[in-house]
Amino acid sequence: MTILLDTNVLLRLVADSSEISKSFKAEVESELGEGRVAVSSTTFMETTRLHHHQRIDLGCHPSVWRQQRLQSGLREIPVDGDVAVESVLLMNSGFHRDPADQLIVATAMLGGMTLATMDMQIIDWADQTRLVPLIDPSI
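Residue numbers for the sequence shown follow this note's numbering, beginning at 2 and rising by one.
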């Protein structure tokens, strides 16, 4: 099983937030070495945008921050045409209009991955539709 980290989970993991459970942190650490922890390339767009607008501080240039994550074993999944199309079609099932969330969820769905998220809009939608498996990083 590959775990796809939502942007909010990756940022909390990097910050070693207490909102992420020790068991999830241990699972991610062990799976990183096996190449089974990933993010959508959209996550790097989101983190760069947040850094640019001074909503977060990455502590370095976004390109350096991205390379650090990839060197740790995190796998980057690029957005392709299939993901782009599916991301918009998610709205047919009641998904909200955030394009970054749409791309991340579509990446998980089409890649057969389990999505780790703390985003209640995604969690509520997934609970209703059962279109993507979720993992709760707080437990």
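Where is the CB? At the ideal position from N, CA and C, for every residue including glycine.
For clarity, every value in this text was computed on a predicted model and none was experimentally measured.
Using the Cα positions of residue i and residue j, report the straight-line distance between them to the nearest angstrom.
i, j, result
"D102", "R37", "20 Å"
"I124", "S94", "14 Å"
"F45", "A127", "23 Å"
"L51", "V15", "15 Å"
Residue i and residue j look like a contact to me (Cβ under 8 Å); what is the Cβ gap, rounded to whole Å?
i, j, result
"M115", "I4", "Checking the sequence shown, residue 115 turns out to be Thr, not Met. Sure, about 5 Å apart at Cβ, within 8 Å."
"L59", "V40", "Contact doesn't hold; Cβ gap of about 14 Å is too wide."
"I105", "D7", "6 Å"
What residue range is occupied by the uninterrupted beta strand (DSSP E) comprising residue i?
i, result
"A39", "38 to 41"
"R76", "76 to 78"
Specify, as a first and last residue, the run of the alpha helix (DSSP H) that residue i falls within.
i, result
"A117", "Taken as a continuous stretch (DSSP letters only), A117 belongs to no alpha helix (DSSP H), being part of the beta strand (DSSP E) at 115 to 117."
"L12", "8 to 15"
"L71", "63 to 72"
Keeping to the same chain, check which residues put their C-beta closer than 6 Å to that of residue i; ignore five residues upstream and five downstream.
i, result
"R76", "G36, A39"
- request: Decide yes or no for the touch test of the region 97 to 114 against the region 64 to 71: beta carbon pairs closer than 8 Å, at least 3 of them.
  value: no
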